[in-house]
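Working notes, beginning with the structure itself.
In the working numbering, the protein residues as written are 301 to 449.
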């Protein structure tokens with residue numbers, strides 16, 4: 301089973317809607333046994349910190365074109381870690397309703413991500429990683445005009 305590592309970062313740090321940059325690095329070994337990376341930094345508009353984490357993870361996963369991978373997701377995010385390991389099984393059983401009886405925020409994004417992960421093994425590692433500083437620096441430099449908008 302091939303391993304793909306996804307490193308994500310977002311500069312949006314508040315629960316209020318905000319604008320900011322987010323990025324990812326995909327690290328993998330090619331079929332020819334060559335280490336390779338793909339990266340992308342994007343400016344996101346009017347998103348919360350949680351929504352931006354989901355959006356950039358979704359965009360990273362969309363770059364994968366095969367199944368039967370081990371996908372390691374690296375993000376300094378208690379939200380992603382808790383959702384993946386604790387909340388999602390409960391949300392699915394409760395038809396995407398929280399224990400408070402409210403609809404799960406960003407349920408559609410979560411469902412899209414889960415569909416992209418289907419057929420793969422995956423884990424999330426909440427830790428500082430080798431691309432943390434680089435992603436932060438690149439996100440700090442990214443402005444809305446660089447998105448072509």
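Ideal placement from N, C-alpha and C gives every residue a C-beta, glycine not left out.
- Query: Cα-Cα, which of 424, 389 and 388 is closest to residue 377?
  - Reply: Position 77 of the chain shown, counted from the first residue, corresponds to residue 377. Considering only alpha carbons, the answer is 424.
- Message: Just to confirm the assignment, what range does the alpha helix (DSSP H) spanning residue 437 have?
- Response: For the purposes of this step, residue 437 is taken as the residue at position 137 of the chain shown. Unbroken alpha helix (DSSP H) run through residue 437: 432 to 441.
- Message: Considering just the uninterrupted stretch of the alpha helix (DSSP H) at residue 413, what are its terminal residues?
- Response: Taking the chain shown and counting its residues from 1, the one referred to as residue 413 is at position 113. 407 to 417 is the extent of the alpha helix (DSSP H) around residue 413.
- Check whether the Cβ atoms of residue 341 and residue 360 sit closer than 7 Å, and answer yes or no. Numbered from its first residue, the chain shown carries residue 341 at position 41. Numbered from its first residue, the chain shown carries residue 360 at position 60. Contact: no.
- Nearest CA to the CA of residue 412: which residue from 308, 428, 388 and 426? Numbered from 1 along the chain shown, position 112 holds the residue referred to as residue 412. Nearest C-alpha to residue 412: 388.
- What are the boundary residues of the alpha helix (DSSP H) that includes residue 390? Looking up residue 390 in the chain shown gives position 90. Where residue 390 is concerned, the enclosing alpha helix (DSSP H) stretches over 388 to 393.
- For residue 304: DSSP bridge partner residues: Within the chain shown, residue 304 is the residue found at index 4, counting from 1. DSSP lists 328 and 371 as partners of residue 304.
- Query: Any idea which residues DSSP pairs residue 337 with across the strands?
  - Reply: On the chain shown, residue 337 is found 37 positions in, with the first residue counted as 1. Per DSSP, 327.
- Residues of its chain near residue 335, where Cβ-Cβ distance is below 7 Å and the 5 sequence neighbours each way are ignored: For the purposes of this step, residue 335 is taken as residue 35 along the chain shown, with counting starting at 1. The answer, listed in chain order, is 329.
- Are residue 327 and residue 305 touching if we call contact CB-CB under 7 Å? The count along the chain shown starts at 1 and reaches residue 327 at position 27. The count along the chain shown starts at 1 and reaches residue 305 at position 5. For residue 327 and residue 305, yes; Cβs fall inside 7 Å.
- Mind reading off the beta-carbon distance from residue 349 to residue 398? Whole number of angstroms is fine, and I expect it under 8 Å. Stepping through the chain shown from its first residue, residue 349 is reached at position 49. Stepping through the chain shown from its first residue, residue 398 is reached at position 98. Their Cβ separation, rounded to whole angstroms, is 18 Å, which puts residue 349 and residue 398 out of contact at 8 Å.
- Message: Taking DSSP's pairing of strands, which residues face residue 321 in a bridge?
- Response: Residue numbering aside, residue 321 sits at position 21 when the chain shown is read from its first letter. For residue 321, which the question treats as bridged, DSSP gives the partners 343.
- Query: Taking buried to mean at least 16 other C-beta atoms within 10 Å of its own C-beta, is residue 331 buried or exposed?
  - Reply: Working through the chain shown from its first residue, we reach residue 331 at position 31. Under this definition residue 331 is an exposed residue.
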